[in-house]
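Structure first, then comments.
Numbering (this note's numbering), first residue to last: 1 to 474.
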């Protein structure tokens, strides 16, 4: 049996009504090496072997993170002064000025906000049923009213308004019917939308905040989607030409006029539908439109927080929301340990939209270095193209990478941390470097690039005071 992919419509134009998807997957005409290898894997692996492979993958993604039953107190919390009222400055912390002057050294208010949004993502992990033997596997364990409380994060001032599900477009072989149910779990609960309702918190935040929290990879098909790592074109808002012309505009990976492209598997999970069930894309856009209508005249902010796969989907989601709902002034992404998502043109369109993305990256986390590779990561101008050609030895190298579907670009602003800088985390394994808990601990302890962690800062201050004291004695 061969693995086949769900047919999708080719991208055409960005000029669509708000009710229609802003972008869609296109079918790749030439199977790439990864797709061929994935086909071969599905043909040769027995259900038992696939089960072992899946369980092994899950150790990397979920170790010490998802099955946690501890209270919120075990998670890193804001360790400085209590976060002050953000008031009129709330847009600065949401990235309106790209967090200028707030990241290095890390501003205490911003630190508190990052950790607070990280707790919403942790709640998404804790609320999901990860027991493969359960009939409700990969579904939410709690009601919307009790989700935050039962996950250990009561008192947030938010209420869950919508559950979100992601659906895979991969069609598995027929033998999966005889395999455990979890192996063919095509649609799974991946997060939720929550609205701030507590008036004191609204006053502190300076607006009514809407949070979309997304967990990382869990199910077998989500892992398989992660392996579909080639870039897939999105429909282009500035391009009314047919599909052939769209492909022609992608002749250079450096051109900002190139059709925006994103990772195939991420786009599939975001746009795929199953029967009468809506896609994740449709769920989010419908709920955002409902919220805007429900709170006319109020100042709203939309913050999408995600870890790992959730961070990638958060980036796609923010792009789509800004593309479809232009009346939203500010959409912010808080990305924890997110993989790369799209190409240079995708990054250019995000910047042009005004979408704000704060990528929190652990230098020791391998997931943040995949998929694909990055070239000319800083700018897209022609001078850098020439520099790349001259340094690497000729136009044939540039031509070679232009013809691939593996050239990605990092997006947004980066807060770079490192497990090896922390005396508490140094020496942990590769899987632990990717855990959400590790990220929150690193944010909690980070001071600046010159003094990475609070413990180091404390020692430096003690040493300085000791030297000063000795000088005074002399």
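Beta carbons are placed, not taken as given, at the ideal position from N, Cα and C, and that holds for glycine. Given the structure is predicted, the values throughout are model-derived calculations rather than measurements.
**Prompt:** Is residue 420 helix, strand or coil by DSSP?
**Reply:** Indexing the chain shown from 1 puts residue 420 at position 420. Residue 420: helix per DSSP, three-state reduction.
**Message:** Let me check one thing: in DSSP terms, what residues is residue 212 bridge-paired to?
**Reply:** As a first step, residue 212 must be located in the chain shown, where it is residue number 212. DSSP output for residue 212 lists 193, 304 as bridge partner(s).
**Prompt:** When you compare only the Cα positions, how much space is there between residue 102 and residue 88?
**Reply:** Here residue 102 is taken as the residue at index 102 of the chain shown, counted from 1. Here residue 88 is taken as the residue at index 88 of the chain shown, counted from 1. Straight-line measurement puts the Cα of residue 88 at about 16 Å from the Cα of residue 102.
**Simplified DSSP state of residue 426, which is helix, strand or coil** = Residue 426 sits at position 426 when you count from the first residue of the chain shown. Coil at residue 426, not helix or strand.
**Prompt:** Just to confirm, are residue 345 and residue 261 a CB contact at a threshold of 9 Å?
**Reply:** Numbered from 1 along the chain shown, position 345 holds the residue referred to as residue 345. Numbered from 1 along the chain shown, position 261 holds the residue referred to as residue 261. Yes, these two residues count as a Cβ contact at 9 Å.
**Cβ neighbours of residue 106 in the same chain (closer than 6 Å, five flanking residues each side left out)** = Indexing the chain shown from 1 puts residue 106 at position 106. Excluding residues within five positions, the ones whose Cβ falls inside 6 Å are 446.
**Request:** Return the chain-ordered list of same chain residues with a C-beta closer than 6 Å to the C-beta of residue 484, the five sequence neighbours on each side being excluded.
**Result:** In this structure the chain extends from 1 to 474, so residue 484 is not present and cannot be described.
**Request:** Quick one: grab the DSSP three-state call for residue 326.
**Result:** Numbered from 1 along the chain shown, position 326 holds the residue referred to as residue 326. In the three-state scheme derived from DSSP, where H, G and I count as helix and E and B as strand, residue 326 is classed as coil.
**Asked** Is any heavy atom of the ligand NAD found at a distance shorter than 8 Å from the C-beta of residue 211?
**Response** By its list of ligands, the structure shown contains no ligand whatsoever, and the ligand NAD lies outside what it can speak to.
**Asked** Who are the near neighbours of residue 328 in its chain, counting only those whose CB is closer than 7 Å to its CB and skipping five residues on each side?
**Response** Along the chain shown, one-based indexing puts residue 328 at 328. Result list for residue 328: 302, 321, 322, in chain order.
**Request:** Can you have a look at residue 131 and say buried or exposed, based on whether 16 or more other CB atoms are within 10 angstroms of its CB?
**Result:** On the chain shown, position 131 is the one that residue 131 refers to. Exposed, since its Cβ has fewer than 16 Cβ neighbours within 10 Å.
**Prompt:** Between residue 421 and the rest of its own chain, which residues show a CB-CB distance below 7 Å, the 5 nearest in sequence each way excluded?
**Reply:** Position 421 of the chain shown, counted from the start, is the residue given in the question as residue 421. In the same chain as residue 421, and ignoring 5 residues on each side of it, the C-beta atoms closer than 7 Å to its own belong to 452, 453, in chain order.
**Message:** Given a cut-off of 9 Å on the beta-carbon distance, is the pair residue 213 and residue 305 in contact?
**Reply:** Indexing the chain shown from 1 puts residue 213 at position 213. Indexing the chain shown from 1 puts residue 305 at position 305. Going by beta carbons, residue 213 and residue 305 fall inside the 9 Å limit.
**Prompt:** Can you tell me the Cα-Cα spacing of residue 218 and residue 182, whole angstroms?
**Reply:** Looking up residue 218 in the chain shown gives position 218. Looking up residue 182 in the chain shown gives position 182. Whole-angstrom Cα-Cα distance: 10 Å.
**Helix, strand or coil at residue 164 [DSSP, three-state]** = In the chain shown, the residue the question calls residue 164 occupies position 164. For residue 164, the three-state secondary structure derived from DSSP is strand.
**Prompt:** Roughly how many angstroms lie between the CA atoms of residue 111 and residue 275, to the nearest whole one?
**Reply:** For the purposes of this step, residue 111 is taken as residue 111 along the chain shown, with counting starting at 1. For the purposes of this step, residue 275 is taken as residue 275 along the chain shown, with counting starting at 1. Approximately 42 Å, taken between the alpha carbons.
**Simplified DSSP state of residue 232, which is helix, strand or coil** = Counted from its first residue, the chain shown places residue 232 at position 232. DSSP places residue 232 in strand when its eight states are reduced to three.
**Prompt:** Below 9 Å between beta carbons: does that hold for residue 338 and residue 408?
**Reply:** In the chain shown, residue 338 corresponds to position 338, counting from 1. In the chain shown, residue 408 corresponds to position 408, counting from 1. No. Outside cutoff.
**Asked** Between the C-alpha atoms of residue 500 and residue 340, what's the straight-line distance to the nearest angstrom?
**Response** Here the chain covers residues 1 to 474 and nothing more, so residue 500 does not appear.
**Asked** Below 9 Å between beta carbons: does that hold for residue 440 and residue 336?
**Response** Indexing the chain shown from 1 puts residue 440 at position 440. Indexing the chain shown from 1 puts residue 336 at position 336. Contact annotation: residue 440 and residue 336 have beta-carbon atoms nearer than 9 Å.
**Asked** For residue 277, which beta-bridge partners are listed by DSSP?
**Response** Position 277 of the chain shown, counted from the start, is the residue given in the question as residue 277. According to DSSP, which records beta bridges pairwise, residue 277 is partnered with 274.
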